[in-house]
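Contents: one structure, followed by commentary.
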Amino acid sequence: MRLTENIANQSKINQAKKHYENFTVGSLILEKDMREAITTLYAFARLGDDIADEGNRSKKDRLNAIHYLRIQLKKIKNNQKIIDPYFVILKKIVNKYNIKINNLYKLTQAFNED
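Residue numbers (the numbering used here): 479 to 592.
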């Protein structure tokens with residue numbers, strides 16, 4: 479099951495822009511690689527928030543979707559092979575900027591409480 483299909487099939491930047499119109503300001507003040515990193519992280523937060531409170535999913539489906547996010551984060555943390563295209567990108571960003579996976583896990587906990 480690929481819960482990140484919408485992001486994988488579109489540019490992660492366009493996905494984030496759909497929900498946040500001020501990314502044009504970021505494009506003026508940030509270098510491309512930093513902009514890409516911020517947008518990738520924002521897309522993760524947006525995806526989790528959408529899972530938590532948009533659409534007609536049952537609570538069980540929402541919890542399963544958030545569990546999927548956690549599984550992908552665990553793969554990143556353990557440097558395991560990732561197939562999901564969005565999480566391949568997220569893994570590169572996490573490694574490049576030494577982002578603590580535990581902070582992303584905390585976000586998934588917030589999604590559960592949403």
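Note that beta-carbon positions come from the ideal geometry of N, C-alpha and C, so glycine has one too.
task = Please state if the CB of L568 and the CB of T518 are separated by a distance shorter than 7 Å.
result = yes
inquiry  = Using only the alpha-carbon positions, how far apart do N590 and A530 sit?
reply    = 7 Å
request  = Enumerate in chain order the residues of its own chain whose CB-to-CB distance from V572 is below 7 Å, with the five nearest sequence positions on each side excluded.
outcome  = I554 and I579
ask   = Taking the alpha carbon of P563 as the point to measure from, which residue in Q550, N556 and Y575 has its own alpha carbon closest?
value = Q550
key: Per-residue burial, A588 [other beta carbons within 10 Å of its own, 16 or more giving buried]   = exposed
query = Taking the Cβ atom as the reference point for each residue, do T586 and R548 lie within a distance shorter than 7 Å?
reply = yes
ask   = Under the three-state reduction of DSSP, which class applies to G526: helix, strand or coil?
value = helix
key: Simplified DSSP state of E591, which is helix, strand or coil   = helix
message = Along the chain, where does the alpha helix (DSSP H) containing Q550 start, and where does it finish?
response = K537 to K555
key: Residue-chain proximity (Q587, chain D), Cβ-Cβ < 7 Å   = Among the protein chains of the structure shown there is no chain D, as only one such chain exists.
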